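Enquirer: In numbering that gives the first Met the number 0, the protein residues as written are 0 to 209.
Think of the CB as a built atom: it goes at the ideal place given N, C-alpha and C, for glycine as much as any other residue.
In this text, all values refer to a predicted model and were calculated from it rather than measured experimentally.
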Amino acid sequence: MNQARRINQARRFLVVTVLMASVGSACAIQPEAAPNDLPAERSNVFGDPATGDEAAGTNRVYLLAPADTDQPERLRSVLRDVPTEPAAVLESLFAGPNTAERDDGLDTAIPADVELMSTPRTVGQVLTIDVSDVFDALNTDSLQLAVAQIVNTATTIEGVRAVQLRIAGEPRVWPLGSGELTDRPWTAYDYPGLVESSQPAFPGIPSPSG
């Protein structure tokens, strides 16, 4: 009687062992013969590389607004979540539009390889900016827009009213909005009409009924 019971217990143990081994092999991660592509909903999980900073915060930089071929270029301000220090704001400007802004047609006239040569310094209300020599490749119109972007951006910084731009420490002459060349500090008022207006168009004046 005892021997028969021991045989039955041994059989049950063997059956349980076989079942557990089968379940374990089914759950194990098997190596694949070839790599699988990411599903479409996960393939862009990191997004496209952005060239500019996220459009957030309270500081502003000026980019080129989209324009029709028969329309003059205008500047549009966009938000940037960067410190209010001049170097941080200017580096964000130099980075250009981010991916979403480029998709919306915003652009920049400032060469992509421009760099600050030293920390911008303020004397009185004039900010001196020293940059690398990359502007020679721009034509007159593009140079005027690039300078206008820098001036309008810099003068949004608290305590800055005018800007002086140097190339590798050396003064240069730069175009004003009128086309005049000057080496004096400029203000945003030297580029009238270049900034896109946020004011809605005035409604037409109805003709008096006669």
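(1) Measure the CB-CB distance between Ala64 and Glu195 and report whether it falls below 8 Å.
(2) Roughly how far, in whole angstroms, is the beta-carbon of Leu62 from the beta-carbon of Glu100, given that I think they are within contact range, below 8 Å?
(3) Using the Cα positions of Gly123 and Gln143, report the straight-line distance between them to the nearest angstrom.
(4) Does the contact criterion of 3 or more C-beta pairs under 8 Å hold for the segment 159-174 versus the segment 128-145?
(5) Considering Ile109, what are the terminal residues of the beta strand (DSSP E) in which it resides?
(6) If I measure Cβ to Cβ from Thr118 and keep anything under 6 Å in the same chain, skipping five residues before and after, which residues do I get?
(7) With C-beta atoms as the reference, is Leu193 less than 8 Å away from Thr152?
(8) Using DSSP with H/G/I as helix, E/B as strand and the rest coil, what is Tyr188?
(9) What did DSSP end up calling Pro85 once you bin it into helix, strand or coil?
(10) With DSSP collapsed to three states, give me the class of Asp69.
(11) Can you round the beta-carbon distance between Leu126 and Val88 to whole angstroms, since I take them to be within the 8 Å contact cut?
(12) Among all the DSSP beta bridges, which residues are the ones paired with Asp129?
(13) In or out: Gln70 buried (at least 16 other Cβ within 10 Å) or exposed?
(14) Check Asn97 in the structure and name its three-state DSSP category.
(15) If you reduce the DSSP assignment to three classes, tell me which class Val159 lands in.
(16) Here's a check: name, in chain order, each residue in its chain whose Cβ is nearer than 8 Å to the Cβ of Ile128, leaving out the five neighbours to either side.
(17) Can you grab the Cα-Cα spacing for the pair Pro174 / Asp140, in whole Å?
(18) Compute the beta-carbon to beta-carbon distance between Thr155 and Arg73, rounded to the nearest angstrom, for a pair I have assumed lies under 8 Å.
(19) Measure the C-alpha to C-alpha separation of Thr83 and Thr68 and round it to an integer number of angstroms.
Expert: So, to answer that:
(1) Here the question's residue 64 lines up with position 65 in the sequence shown. Here the question's residue 195 lines up with position 196 in the sequence shown. Their beta carbons are under 8 Å apart, which means Ala64 touches Glu195 by this criterion.
(2) The count along the sequence shown starts at 1 and reaches residue 62 at position 63. The count along the sequence shown starts at 1 and reaches residue 100 at position 101. Yes, they are in contact, since the Cβ atoms of Leu62 and Glu100 sit about 7 Å apart, within 8 Å.
(3) Here the question's residue 123 lines up with position 124 in the sequence shown. Here the question's residue 143 lines up with position 144 in the sequence shown. Looking at the two C-alpha atoms, the distance is approximately 25 Å.
(4) yes
(5) Reading the sequence shown from its first residue, position 110 is the one you call residue 109. No beta strand (DSSP E) contains Ile109, which DSSP labels as neither H nor E.
(6) Within the sequence shown, the letter at position 119 stands for residue 118. So the list reads Ala86, once near-sequence residues are dropped.
(7) In the sequence shown, the residue the question calls residue 193 occupies position 194. In the sequence shown, the residue the question calls residue 152 occupies position 153. Against a cut-off of 8 Å, the Cβ pair of Thr152 and Leu193 comes out as no contact.
(8) Against the sequence shown, residue 188 aligns to sequence position 189. Reduced to three states, the DSSP call for Tyr188 is helix.
(9) Taking the first residue of the sequence shown as position 1, residue 85 is located at position 86. Looking at Pro85 - three-state DSSP - the assignment turns out to be helix.
(10) Translated into positions along the sequence shown, residue 69 becomes position 70. Here Asp69 sits in coil by DSSP.
(11) Translated into positions along the sequence shown, residue 126 becomes position 127. Translated into positions along the sequence shown, residue 88 becomes position 89. In fact, because the Cβ distance is near 10 Å, the residues do not count as touching under 8 Å.
(12) Stepping through the sequence shown from its first residue, residue 129 is reached at position 130. Paired residues: Arg165.
(13) The residue you call residue 70 lines up with position 71 of the sequence shown. Gln70 comes out exposed.
(14) Mapped onto the sequence shown, residue 97 falls at position 98. Coil.
(15) Numbered from 1 along the sequence shown, position 160 holds the residue referred to as residue 159. If DSSP states are grouped into helix, strand and coil, Val159 belongs with coil.
(16) Locating residue 128 in the sequence shown gives position 129, where the first residue counts as 1. Taken in chain order, the residues that qualify are Pro85, Leu89, Leu115, Pro119, Ile149, Ala153, Val162, Gln163, Leu164, Arg165.
(17) Locating residue 174 in the sequence shown gives position 175, counting from the first residue. Locating residue 140 in the sequence shown gives position 141, counting from the first residue. Cα-Cα distance, rounded: 9 Å.
(18) Translated into positions along the sequence shown, residue 155 becomes position 156. Translated into positions along the sequence shown, residue 73 becomes position 74. So it is not a contact: roughly 17 Å between Cβ atoms.
(19) Taking the sequence shown and counting its residues from 1, one reaches residue 83 at position 84. Taking the sequence shown and counting its residues from 1, one reaches residue 68 at position 69. If I take the Cα positions, the gap works out to 35 Å.
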